[in-house]
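See below for the structure under consideration.
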Amino acid sequence: MHNIIPITEDLYYVGGSDRRLSLFENVYPVPRGVSYNSYLLLDEKTVLFDTVDPSVADLYLENVAAALGGRKLDYLVVHHMEPDHSATFLRLVKSYPEATIVTSAKAAQMMKNFFPFDGANVKIVKEGDVLSSGKHSFTFVAAPMVHWPEVLFSFDTATGTLFSADAFGTFGALGGSIFADEVNFKEEFLSDARRYYFNIVGKYGIQVQSVLKKAAGLDIKTICPLHGPIWRKDLGYYLGLYDTWSKYEPEEKGAVVFYGTIHGHTGNAAEILATSIAQSGAPVKVYDVSQTELSQLVAEAFRYSHLAFVSATYNNGIFLPMEQLLQDLAAHNFQNRKYALVENGSWSPQAGTLMKNLIGEWKNMTQIGEKVTLLSSVKEEQAEELRALAAQLAADILSE
Ligand code: FEO
132 MHNIIPITED LYYVGGSDRR LSLFENVYPV PRGVSYNSYL LLDEKTVLFD TVDPSVADLY
192 LENVAAALGG RKLDYLVVHH MEPDHSATFL RLVKSYPEAT IVTSAKAAQM MKNFFPFDGA
252 NVKIVKEGDV LSSGKHSFTF VAAPMVHWPE VLFSFDTATG TLFSADAFGT FGALGGSIFA
312 DEVNFKEEFL SDARRYYFNI VGKYGIQVQS VLKKAAGLDI KTICPLHGPI WRKDLGYYLG
372 LYDTWSKYEP EEKGAVVFYG TIHGHTGNAA EILATSIAQS GAPVKVYDVS QTELSQLVAE
432 AFRYSHLAFV SATYNNGIFL PMEQLLQDLA AHNFQNRKYA LVENGSWSPQ AGTLMKNLIG
492 EWKNMTQIGE KVTLLSSVKE EQAEELRALA AQLAADILSE
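Numbering-wise (our numbering), the sequence shown opens with residue 132 and increments by one.
Structural data, given as structure tokens:
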């Protein structure tokens, strides 16, 4: 049965949420589910914005048909061709063969790459082009690499509604309300929004900054993303977070201690370090990299101003879960932070040097203090070194 949700007098939510998916993009856990948003405008012409993931396709097609109420579909605007939005494209087109598909040139090519589709009824648009549906008119904004190269935003100049593709999206199913101002966003969604941003879009900060500059020239009153709640109040809060995130600036002053331990001694060092940071008055969090899922670790690394990487040496290298974290951070252009290093090894400790070599390739990373080296376990001498390192980290955090 259809489940259409009105947004304004002529704009309707026709997407749906999947709470059964375990891994988004077959890699990111989504225990709170995920929504695939699509919007239908009933103006003098009817305009459908994007299709959806196959998991909600039946509901979506019922929603579209019911919302159209027998009217024909005039336009399908495709902002993004990643299959979580486009996998039902062909089903939709076969249901509404008269619809004109409005999209970017790159997306039009992707349609042919993904589907047995001849490109009929496609109208190519580029930045600055305008599509009128009657009372509404839509200006297109190019948003390459946010998060694929073909991405377009569209902006309804009549209502100030920005259809922002993946940008401003978040993991987390929509439950009842579809509006950010009707849920406790900071409590329920912020952690997932941060994890979504840094893991999905975080590599492309420069491109996000470019599109935020374009957005600053628009009088935006509502943001309709392809995932998560719709923003119609307090837009400055979320735009501000995106600005901070995409500049690779920390969201919070504080330390996050990541440790990779085999038998517990390296973890003991991490706890001593974190305790001393806290006793010096600075905020601190601790994660065992073997126990916390990688996308959460990545998001937490981006969140804080200072990081400590505390790792055992393993097979003459960095303990693998720690190496995976560092490689994942590098893949997301991690930069612009202060960091400290602690290594452990029972006969040839070298994780610290290897971690420093990796981090040395990242932009604007500043080491605080000297690397602390343990031989198998923490002795009083190393505990003193850890406390001294913690004092340096805390002083630097509190001085900023
Ligand atoms: Fe939600 Fe890049 O797809």
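Backbone N, C-alpha and C fix where the C-beta goes; we use that ideal spot for every residue, glycine too.
Please read these numbers as outputs of a predicted model, since none were measured by experiment.
{"Item": "Please confirm if the region 434–444 is in contact with the region 466–477, defined as three or more CB-CB distances below 8 Å between the two stretches.", "Value": "yes"}
{"Item": "If the criterion is Cβ atoms closer than 9 Å, does the pair L199 and V233 meet it?", "Value": "no"}
{"Item": "Should W279 be counted as a contact of ligand 1 given a C-beta to heavy atom distance under 8 Å?", "Value": "yes"}
{"Item": "Could you name the residues of the same chain whose beta carbon sits closer than 6 Å to that of S235, not counting the 5 residues immediately before and after it, in chain order?", "Value": "E281, L283"}
{"Item": "Skipping 5 residues on each side, what residues in its chain have a beta carbon closer than 6 Å to that of R518?", "Value": "S407"}
{"Item": "Bridge partners of R468, per DSSP?", "Value": "M496"}
{"Item": "Any idea if F294 is buried or exposed, counting beta-carbon neighbours within 10 angstroms, 16 or more meaning buried?", "Value": "buried"}
{"Item": "Tell me the start and end of each unbroken beta strand (DSSP E) in the region 349–424 that is at least 3 residues and wholly inside, in chain order.", "Value": "353–355, 383–391, 415–419"}
{"Item": "Where does P360 land, buried or exposed, given buried means 16+ other C-beta within 10 angstroms?", "Value": "buried"}
{"Item": "Among residues of its own chain, excluding the 5 on either side of M242, which ones have a beta-carbon nearer than 6 Å to its beta-carbon?", "Value": "F248"}
{"Item": "Anyone know if the C-beta pair for V332 and A298 falls short of 9 Å?", "Value": "yes"}
{"Item": "Suppose contacts are defined by Cβ-Cβ distances below 9 Å. Is A514 in contact with S411 by that definition?", "Value": "no"}
{"Item": "The alpha helix (DSSP H) with A238 in it runs from where to where?", "Value": "236–245"}
{"Item": "Assess, as a yes-or-no matter, whether the region 205–221 is touched by the region 171–189 under the definition of 3 or more beta carbon pairs within less than 8 Å.", "Value": "yes"}
{"Item": "Give every residue of the same chain whose Cβ lies closer than 8 Å to the Cβ of T177, excluding the five residues on either side of it in the sequence, and list them in chain order.", "Value": "L171, L199, R202, K203, L204, D205, Y206, S264"}
{"Item": "Three or more C-beta pairs closer than 8 Å, one from the region 502–509 and one from the region 395–406: is that the case here?", "Value": "yes"}
{"Item": "Tell me the rounded alpha-carbon separation between F245 and I138.", "Value": "31 Å"}
{"Item": "Name, in chain order, the residues that DSSP records as bridge partners for H211.", "Value": "BP columns for H211 are empty, so no partner."}
{"Item": "Mapping the DSSP letters down to three states, classify H216 as helix, strand or coil.", "Value": "helix"}
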